[in-house]
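Protein chains in written order, with the numbering used here: chain P, 1 to 660; chain X, 661 to 947. Following: one structure in structure tokens, then a few remarks.
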Amino acid sequence: MLDSSPHVAETPAVAEIDALHVTLRRGDQDIHAIRGMSLDIGPGEILGLVGESGSGKSVLAMSMLGLLPGDARTSGRCLVHGDDMLSAPAEVRRRRRRSSLGAVFQDPMTSLNPTMRIGAQVAEAAESDEEALRLLKAVGIPDAHRRMGAFPHELSGGLRQRVMIAMAVAGSPSLVVADEPTTALDVTVQAQVLALLRSLRDQIGCSFLLITHDLGVAARVADRVAVMYAGRLAEMGPTGVVLREAAHPYSLGLLGSRLSLGSSRTEPLATLPGEVPDPTRPPAGCPFAPRCDLVTDRCAQEPVDPVEVAPGHLSACVLPIEQVRGATEKAREKEGAPPAGTSGHPAGSSTQPQGDVAVDVRRVVKTFWVKAGRGRKQRLAALRDISLTVADGESVAIVGESGSGKSTLLRVIAGLEHAGGGEIALGHGVRPQMVFQDAGASLTPWLTVGDLIGERLRRERMSKPQRVERVAAALAQVGLPADVAGVRAAQLSGGQRQRVALARATVVPPKVLLCDEPTSALDVSLASGVINLIGRLRRELGMAVVFVTHDLSVARIVADRIAVMYLGRIVELGDAEDVVHHPRHPYTRALIGAVPDFGADPPALPGDPASPLRPPPGCSFHPRCPIAAEVCADPDLHPRLLGIGHGQVHQVACIRTEVL
Amino acid sequence: MATGSTATPVRSRARPRLLSGGGTTRLSQAAAGLFALTTLIALLAPLIEPYDPLLPVGQPQLAPGEQGFLLGTDSIGRDILSRVLAGWQSSWWAAVIVIASGLLVGGLVGLVAGTFGGIVDNVLMRITDTFLALPAPVIAIAVAATLGPSFAHTLLAVGIVWWPFYARIIRGEIRTLAARPHVEAARLAGAGRIRLGLRHLLPGAVPTAVVTASLDVGSLLLTLAGLSFLGLGQSAPAAELGADTAKNLSFLLQDWWIPVVPGVAVMVMALFGNIAGDGVRNLLGDR
Chain P
1 MLDSSPHVAE TPAVAEIDAL HVTLRRGDQD IHAIRGMSLD IGPGEILGLV
51 GESGSGKSVL AMSMLGLLPG DARTSGRCLV HGDDMLSAPA EVRRRRRRSS
101 LGAVFQDPMT SLNPTMRIGA QVAEAAESDE EALRLLKAVG IPDAHRRMGA
151 FPHELSGGLR QRVMIAMAVA GSPSLVVADE PTTALDVTVQ AQVLALLRSL
201 RDQIGCSFLL ITHDLGVAAR VADRVAVMYA GRLAEMGPTG VVLREAAHPY
251 SLGLLGSRLS LGSSRTEPLA TLPGEVPDPT RPPAGCPFAP RCDLVTDRCA
301 QEPVDPVEVA PGHLSACVLP IEQVRGATEK AREKEGAPPA GTSGHPAGSS
351 TQPQGDVAVD VRRVVKTFWV KAGRGRKQRL AALRDISLTV ADGESVAIVG
401 ESGSGKSTLL RVIAGLEHAG GGEIALGHGV RPQMVFQDAG ASLTPWLTVG
451 DLIGERLRRE RMSKPQRVER VAAALAQVGL PADVAGVRAA QLSGGQRQRV
501 ALARATVVPP KVLLCDEPTS ALDVSLASGV INLIGRLRRE LGMAVVFVTH
551 DLSVARIVAD RIAVMYLGRI VELGDAEDVV HHPRHPYTRA LIGAVPDFGA
601 DPPALPGDPA SPLRPPPGCS FHPRCPIAAE VCADPDLHPR LLGIGHGQVH
651 QVACIRTEVL
Chain X
661 MATGSTATPV RSRARPRLLS GGGTTRLSQA AAGLFALTTL IALLAPLIEP
711 YDPLLPVGQP QLAPGEQGFL LGTDSIGRDI LSRVLAGWQS SWWAAVIVIA
761 SGLLVGGLVG LVAGTFGGIV DNVLMRITDT FLALPAPVIA IAVAATLGPS
811 FAHTLLAVGI VWWPFYARII RGEIRTLAAR PHVEAARLAG AGRIRLGLRH
861 LLPGAVPTAV VTASLDVGSL LLTLAGLSFL GLGQSAPAAE LGADTAKNLS
911 FLLQDWWIPV VPGVAVMVMA LFGNIAGDGV RNLLGDR
């Protein structure tokens, strides 16, 4: 009953976790995933659980659902309505899950049964078709009646996640565990789903445990935030308090390394040095101590339990809160300190690009033919008449959601795909090199790092010792020790792999460095380090950079100019600051509004990004556009990029700009 | 390990599999042990055979253990243990030769087809399909008819029908690998076709090839046994596990050990091959 079950306010807590320890067995090693966590979730509360990969947040979710693997060793309690989901008999846990719990996971495609129609799957949880239809309508699925008969693969990612949410809230659970529910979604869709979670809470009064790696996501919807680090609670408190007056050095570090549309473009981004401790050998004391600037002798001795620093605000740090906050400024200066003699721009540069052109893309078209079942093929227009010039030494970011063609454009420039029409001219010099989103997959697994980097030196006639020296120099330049040359990619962490990929791309500096979402698979603190590194390499080696990202706040930091793409066309192009702070195209405005940030909560853009298989006629954005007029849908309309303002540097492809 | 200020040490999960304990490792060790044992028996067979495998050395049809013949004697009084050891040796070498040459030829065809793709792939694979359609006995008879009957010619015939399996498997594996980002990254790094094939693709197909090959020992032995049955195997007095089983089937009811012992030997060798295959797969599994 979505609208008729007011939550019972006198219940003390829906869920209570007390001194929880979970140790998992993987291969022949013990993974100490959770090492003493206590927290509770009140009725109707949204608790945001924030942590980087390996912090144990997903294991906590599984504990709460009573779904830990059989060989997990646990201690402590994990109560849901008084039943311990760790020790209760399977039957009790099953009943609890059915009556009181719901779950939403990151990838709805793997959570939904691909062979069952949507309606049947939801009805399984809702117990009747009528209830299923009502739930699908309640989670905002347009044309819900027709969609009941669809299979999961026929829905977009955003709609699939809504179906998962409908199943999770079926039967009015008192707690929904949502593990990274928006991570796989585009930003505009993410904003819709987050808004949906909150409106569901308001309607049915169920609590949410919202697990996320992104503080911005938690900030947007959570009432309270808990920060986890290496299986322990670092800090917990009301959202506003934790974000504004963080008390734990780790939270401060996370907040500091987080990018927003207001981050400084002229200073290096703050990063956390080092990496998350190995969960097979957790440190005896405060797990954050090895990375902490304020570390004292006491920190390494024994684990620190969270203590109340203000009413309802817990922090697990031995230092008095004043000392932690006082040292924040000092901490900011440490890791990111630029080498002497260079100004500290993270990646954007003040040096005017020279006149020469590094990449000149002229009216490029790229069409794929994708299988549409029964031998038929369907046209996928990935790039529709793209023109873009990148000057020597310039950095241009290409921003867009999935299906916008941004990666295809990069691959065409790299020469990995042939353009179907138009021209691509590259400046003279070393051919473009590319850094991939999944650095691990881009490194041949059976070759050593030294082999991979040295491969690019084969054209140059040099002796073996010379080559070894060049490889070591390239590694040093990305901040890795020379002995990394002897290991394989599998032995490196995610951040190290991305650095190796950068060393490989720059050992012979290319004219243009192409970056395909190099930071989106990395944790926040590591991503900042990689962004700083790309900026430094670019300045030192004089490379032009084309940086593809879905994240405008990253684009603003790394780029001199930003190109916004939608369904194979560039809809806005201009100086990074101009585009972010004075966006002209309604789509750019929606993208900026959707960036999860503290305190901001503009209305979400309606609808899903249209499919490149069927781009709407005229201006492809018109079905979602708040200012669209009838003429925007005219099939003969081909919106061109036109300069606005003085200098015509800022270009927009919208015939309705005068309305804005 | 020395580290810079911004660097973190490389995680120490460097290839511990062979050294540390654990279920996977034990299986691999067992597999390695069995492989070594099989090879050792094959190599040392002439030294450890108690009697000449070709000559009658005792009364015919003695049961295992009787008069000191550990596995008994066959219908004309030859020592079965000696014949099994000699047969083990010849089967083992036959398996090694056919599989190794199959891997070599099939691997080369699969690698070239997979790496180059397009027309090269099409032509090579159609040729492979043609060979795949040939039945082993027919080829063996044809080879025997043209070159004369001999065990070497039988192996040649089996080799001719054997490599296409490997060509298909390795080509498929290479095609899958070729779609992975590391191949694109290598292309951008300036690796040419040949380098791409040998350095960035072939090593990735090795685990599958090795696993397939070791799992193949069983079916290869059975094929050879079948050819022996048709008289296309080792010529008459020579010990051969398949032939010894097939020819002596008529003794199954009264003197069961005469066909069963060499048959069990075939089974054991095939089983060793399979366990070794599983072990190799586990060892290389995380690629």
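For every residue, glycine included, the Cβ atom is placed at its ideal position computed from N, Cα and C.
Residue i: contacting residues in chain X (beta-carbon distance under 7 Å)
i, result
"ASP438 of chain P", "PRO841"
"SER442 of chain P", "PRO841, HIS842 and ALA845"
"ARG504 of chain P", "ALA849"
Residues bridged to residue i (per DSSP)
i, result
"TRP752 of chain X", "According to DSSP, which records beta bridges pairwise, TRP752 of chain X is partnered with nothing at all."
"HIS213 of chain P", "HIS213 of chain P is not bridged to any residue."
"PHE547 of chain P", "P:ALA397 and P:CYS515"
"LEU175 of chain P", "P:LEU101 and P:SER207"
"SER667 of chain P", "A question about residue 667 of chain P goes unanswered here, because the residues of chain P that appear run from 1 up to 660."
"LEU573 of chain P", "P:ALA563 and P:GLN651"
Residues that residue i contacts on chain X, provided the C-beta gap is smaller than 8 Å
i, result
"GLU540 of chain P", "Within 8 Å Cβ-Cβ: nothing; GLU540 of chain P doesn't reach chain X, min ~15 Å."
"LEU416 of chain P", "GLU844, ARG847 and LEU848"
Chain-ordered chain P contacts of residue i [CB-CB under 7 Å]
i, result
"HIS860 of chain X", "THR444"
"PRO863 of chain X", "TRP446"
Extent of the continuous beta strand (DSSP E) run through residue i
i, result
"GLY48 of chain P", "46 to 50"
"THR389 of chain P", "377 to 391"
"PHE368 of chain P", "357 to 371"
"ASP143 of chain P", "Taken as a continuous stretch (DSSP letters only), ASP143 of chain P belongs to no beta strand (DSSP E), as it is neither H nor E."
"ILE34 of chain P", "29 to 41"
"ILE17 of chain P", "15 to 26"
"PRO238 of chain P", "232 to 238"
"THR74 of chain P", "73 to 80"
"ILE424 of chain P", "421 to 426"
"TYR250 of chain P", "Run containing TYR250 of chain P: none in the beta strand (DSSP E); it sits in the alpha helix (DSSP H), 249 to 257."
Unbroken alpha helix (DSSP H) run spanning residue i, endpoints
i, result
"MET164 of chain P", "157 to 169"
"GLY643 of chain P", "No alpha helix (DSSP H) holds GLY643 of chain P; the beta strand (DSSP E) holding it covers 642 to 644."
"THR790 of chain X", "778 to 792"
"ARG835 of chain X", "811 to 838"
"MET109 of chain P", "108 to 111"
"VAL122 of chain P", "118 to 126"
"ASP451 of chain P", "449 to 455"
"HIS581 of chain P", "576 to 581"
"GLN203 of chain P", "187 to 204"
"ARG539 of chain P", "524 to 541"
"GLY56 of chain P", "Where GLY56 of chain P is concerned, there is no enclosing alpha helix (DSSP H), given that its DSSP letter is neither H nor E."
"ARG224 of chain P", "No alpha helix (DSSP H) contains ARG224 of chain P, which is instead part of the beta strand (DSSP E) from 224 to 229."
"ALA800 of chain X", "796 to 807"
Listed by chain order, chain P residues near residue i by CB distance under 8 Å
i, result
"ALA851 of chain X", "GLU455"
Per-residue contacts from residue i into chain X (C-beta, under 9 Å)
i, result
"MET434 of chain P", "GLU844, ALA845 and LEU848"
"ARG459 of chain P", "GLY850"
Short CB-CB distance (under 8 Å) between residue i and chain A
i, result
"ALA381 of chain P", "Although the question refers to chain A, the structure presented lacks it and instead comprises the protein chains P and X."
- Query: Does the region 893 to 907 of chain X come close enough to the region 853 to 872 of chain X that 3 or more CB-CB pairs lie under 8 Å?
  - Reply: no
- Item | Inter-stretch contact at 8 Å, needing at least 3 Cβ pairs: the region 753 to 763 of chain X / the region 730 to 742 of chain X | Too few Cβ pairs lie closer than 8 Å, so no.
- Message: I want to know whether the region 220 to 233 of chain P touches the region 41 to 57 of chain P - three or more CB-CB distances under 8 Å.
- Response: yes
- Task: Evaluate contact between the region 174 to 187 of chain P and the region 202 to 209 of chain P, counting only Cβ atoms and requiring at least three cross-stretch pairs below 8 Å.
- Result: yes
- Any alpha helix (DSSP H) of 4 or more consecutive residues that is wholly inside the region 844 to 905 of chain X: 862 to 889
- Message: If contact is defined by three or more beta carbon pairs under 8 Å, each pair taking one atom from either stretch, is the region 279 to 287 of chain P in contact with the region 298 to 311 of chain P?
- Response: yes
- Message: For the region 120 to 138 of chain P against the region 158 to 167 of chain P, do three or more pairs of beta-carbon atoms, one drawn from each stretch, fall closer than 8 Å, so that the two count as touching?
- Response: yes
- Message: For the region 794 to 804 of chain X against the region 812 to 830 of chain X, do three or more pairs of beta-carbon atoms, one drawn from each stretch, fall closer than 8 Å, so that the two count as touching?
- Response: yes
- Message: Whether or not the region 476 to 495 of chain P and the region 229 to 236 of chain P are in contact is what I'm after, with contact meaning three or more pairs of Cβ atoms, one per stretch, closer than 8 Å; do they touch?
- Response: no
- Message: Could you check whether the region 20 to 33 of chain P touches the region 239 to 254 of chain P, counting it as contact only if at least three pairs of C-beta atoms, one from each stretch, sit closer than 8 Å?
- Response: no
- Task: May I have a chain-ordered list of the alpha helix (DSSP H) segments no shorter than 4 residues that lie completely inside the region 431 to 511 of chain P?
- Result: Complete alpha helix (DSSP H) runs here, min 4: 439 to 442, 449 to 455, 464 to 477 and 494 to 506.
- Query: Using 8 Å as the threshold, is the region 776 to 788 of chain X in touch with the region 746 to 753 of chain X, meaning 3 or more CB pairs across them?
  - Reply: In short, these stretches do not touch, since the Cβ pair count stays below three.
- Where in the region 911 to 946 of chain X do unbroken runs of the alpha helix (DSSP H), each at least 4 residues long, occur, reported from the N-terminal end onward? 917 to 944
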